[in-house]
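Asker: Got a structure for you, written out below as structure tokens; questions coming shortly.
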DNA sequence: CGCCACCTCCGGTAAACTACGTAGGGGCAA
DNA sequence: TTGCCCCTACGTAGTTTACCGGAGGTGGCG
């Protein structure tokens, strides 16, 4: 059962053009335009948000929680393309369908906007069109970096890169609170969960990081980690 | 020494909106808009077109030849992100800089358009803005598929996928004429050139393909190849 | 003609990772 | 509390692939 609540474009007066306001710059795009109706929706842990090749009816923004987008091979092998954290927009497609599936990693609240209404808005407001392009371009940049990681980096380099990415994106008071399990990390980095676990243990033994619980990480030596990133 | 020639927006009368005319649909975007000045430029084999993190002054379209875009690690490991063939647009950035380097694979003629003039055109014509987004979105889709390949497919599956991609993109009269060497293929697929070579030999032995010269490939059993793709 | 780049084929070695197992501790939810 | 999932930590075996060197063939080119 899903909790649903309307919040029809609550903060209307917001400016759009390049606001480096809060933590996340993509925040204004789905809220800042009058005439756009946004709906909030809550998904439970491991619940599917949309499937691969499904019609792309909505564009999503994470309010609370975390989302993984992924592709599957016929025998179940999985590649996670990205993790989406509060503030991130995902599910935005230029074509008709979603090309990755999306699931909530934990209980997650999303803001939904009709894809059609966004496209319509983009036809009359070039700034919206520019924002849509920028979001897709940002995803492409991430994917390009990730191809380098998947194609050419060693297991330890991948884990170091992952830690620095998470540190940049979700570090609060020096602490990384991971929303995802080791299997998710492995499927993101093209490794097995065991390899991820081993790499983290070794980094802890070297004093590069501290673990307080499996999903609470403190980076103690970012320079060393940047070296390991290759 | 570079051959240069002006062809200032030669085919002006061309329509833009969704032309499924020739082999390649991206063809109209850099030529179809009056007011855009296009310059043709020829690069020699292995010549750099632009470097990683270089200012993105131009957007490019392949007229003849082929281009590889890639990222390097500090120790020389290379990941090729994409091959660009006649008709393809590349080097299009939403941000200020190129995030992969680009080189000509063989003697290659490109059409260049000033990035600024395209952006300007996009501000007055929403169709142009839409086209720019579509190009970037297409690149993202390719990158997403490639992440699955790099993260989760076996060597043979990668080679099979590569062959089917090339078959789709450059097959003339049932023949694939590869512009790139085995090392390029390896760096594209996250493999060594030896592994690529072995996989192709095995496919030849199985009768799945025929080699007439290393870069002339005939696919004899696409169904088998599609199975191998996983 | 030789030179050179590219490619294939042949080894052997080593690393990386997978694929099983088993076991135990901890957190969390019913 | 109990059960379940997640995580760590062993172990062993096996596969895949990388990496190294070298030999030989081929085709293009000067």
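Residue numbers (this note's numbering), protein chains in the order written: chain A, 1 to 230; chain B, 1001 to 1230.
Virtual Cβ for every residue (Gly too), placed ideally from N, Cα, C.
#1: Can you grab the Cα-Cα spacing for the pair residue 55 of chain A / residue 220 of chain A, in whole Å?
#2: So what's residue 142 of chain A in DSSP terms, helix, strand or just coil?
#3: Output needed in chain order: residues of the segment 130 to 151 of chain A with a Cβ under 8 Å from some Cβ in chain B.
#4: Using a cut-off of 7 Å between C-beta atoms, extract the partners of residue 94 of chain A located in chain B.
#5: In this structure, does DSSP put residue 48 of chain A in helix, strand or coil?
#6: Would you mind stating whether residue 162 of chain A and residue 112 of chain A have Cβ atoms separated by less than 7 Å?
#7: Applying a beta-carbon distance threshold of less than 8 Å, which residues of chain B neighbour residue 169 of chain A?
#8: Indicate the three-state DSSP secondary structure (helix, strand or coil) for residue 195 of chain A in the structure shown.
#9: Check whether the segment 1146 to 1154 of chain B touches the segment 1101 to 1109 of chain B, counting contact only when three or more Cβ pairs, one atom from each stretch, lie closer than 8 Å.
#10: Look at the alpha carbon of residue 135 of chain A and the alpha carbon of residue 38 of chain A, and state the distance between them as a whole number of angstroms.
#11: Are the segment 1162 to 1181 of chain B and the segment 155 to 170 of chain A touching by the rule of at least three beta carbon pairs closer than 8 Å?
#12: Mind checking who residue 1055 of chain B pairs with in its DSSP beta bridge?
#13: Within a Cβ cutoff of 6 Å, which residues of the same chain sit near residue 1084 of chain B, ignoring the five residues on either side of it in sequence?
#14: I want to verify the contact list: residues of chain B whose CB lies under 7 Å from the CB of residue 74 of chain A, in sequence order.
#15: Who are the near neighbours of residue 44 of chain A in its chain, counting only those whose CB is closer than 7 Å to its CB and skipping five residues on each side?
#16: Taking the DSSP output, what are the residues bridged to residue 1090 of chain B?
#17: Do you know whose CA, among B:1209, B:1065, B:1224, lies nearest residue 1109 of chain B's CA?
#18: Spatial neighbours of residue 1177 of chain B within its chain, please: CB distance less than 7 Å, with the 5 preceding and 5 following residues excluded, ordered by chain position.
#19: Between A:157, A:130, A:97, which has its C-alpha nearest residue 191 of chain A's C-alpha?
#20: Strictly below 7 Å CB to CB, what residues from chain B border residue 114 of chain A?
#21: Go ahead and pull the three-state DSSP assignment for residue 128 of chain A.
#22: Going along chain B, which residues have a C-beta under 7 Å from residue 65 of chain A?
#23: Assign residue 1139 of chain B to buried or exposed, taking buried as 16 or more other Cβ atoms, counted over all protein chains shown, within 10 Å of its Cβ.
#24: Comparing C-alpha positions only, which one of A:209, A:228, A:141, A:115 sits nearest to residue 154 of chain A?
#25: Identify the residues that DSSP records as bridge partners of residue 1175 of chain B: which are they?
#26: Apart from the five residues just before and just after residue 1013 of chain B, which ones in its own chain have a Cβ nearer than 7 Å to its Cβ?
#27: Could you spell out where the beta strand (DSSP E) holding residue 112 of chain A opens and where it closes?
#28: Where residue 1115 of chain B and residue 48 of chain A are concerned, what is the direct C-alpha to C-alpha distance, given to the nearest angstrom?
#29: In terms of alpha-carbon separation, which member of B:1072, B:1073, B:1078 lies closest to residue 1187 of chain B?
#30: Using the Cα positions of residue 1213 of chain B and residue 1175 of chain B, report the straight-line distance between them to the nearest angstrom.
#31: What's the gap between the Cα of residue 1072 of chain B and the Cα of residue 1051 of chain B?
#32: Quick check: what's the CA-CA separation for residue 1118 of chain B versus residue 96 of chain A?
#33: Drop a sphere of 10 angstroms on the beta-carbon of residue 92 of chain A, count the other beta-carbons inside from all chains shown, and report buried for 16 or more, exposed for fewer.
#34: For chain B, is any of its Cβ atoms less than 7 Å away from the one on residue 12 of chain A?
#35: Starting from residue 1067 of chain B, follow its DSSP beta bridges and name the residues at the other end.
Answerer: Concretely, from the data shown:
#1: 45 Å
#2: helix
#3: 130, 132, 133, 134, 136, 137, 138, 139, 140, 141, 143, 144, 145, 146, 147, 148, 150, 151
#4: Those are 1133, 1134, 1137, listed as they occur along chain B.
#5: Looking at residue 48 of chain A - three-state DSSP - the assignment turns out to be strand.
#6: no
#7: The contacting residues do not exist; residue 169 of chain A stays about 18 Å from chain B at best.
#8: helix
#9: no
#10: 18 Å
#11: no
#12: B:1097
#13: Exclusion of the five residues before and after residue 1084 of chain B leaves 1062, 1067, 1090 as the residues of its chain whose Cβ lies within less than 6 Å of its Cβ.
#14: 1230
#15: Excluding the 5 residues flanking it on each side, residue 44 of chain A has same chain C-beta neighbours closer than 7 Å at 104, 107, in chain order.
#16: Within the DSSP secondary-structure output, residue 1090 of chain B pairs in a beta bridge with B:1060.
#17: B:1065
#18: 1170, 1215, 1216
#19: Ranked by how close their Cα comes to the Cα of residue 191 of chain A, the residues A:157, A:130, A:97 have A:157 in first place.
#20: Simply none; closest approach about 18 Å.
#21: helix
#22: Per Cβ cutoff of 7 Å: no residues; residue 65 of chain A is ~22 Å from chain B at best.
#23: buried
#24: Ranking the options by Cα distance to residue 154 of chain A, first place goes to A:228.
#25: B:1172, B:1218
#26: Residue confidence for residue 1013 of chain B is low, a pLDDT of 28 falling below 50, so the modelled location carries little weight; the figure read from the coordinates is stated next. None.
#27: In the DSSP assignment, residue 112 of chain A falls within the beta strand (DSSP E) that extends over 108 to 114.
#28: 40 Å
#29: B:1078
#30: 12 Å
#31: 11 Å
#32: 25 Å
#33: buried
#34: Note that residue 12 of chain A scores 27 on pLDDT, short of 50, meaning its location in the model is unreliable and no value can be drawn from it.
#35: B:1084, B:1104
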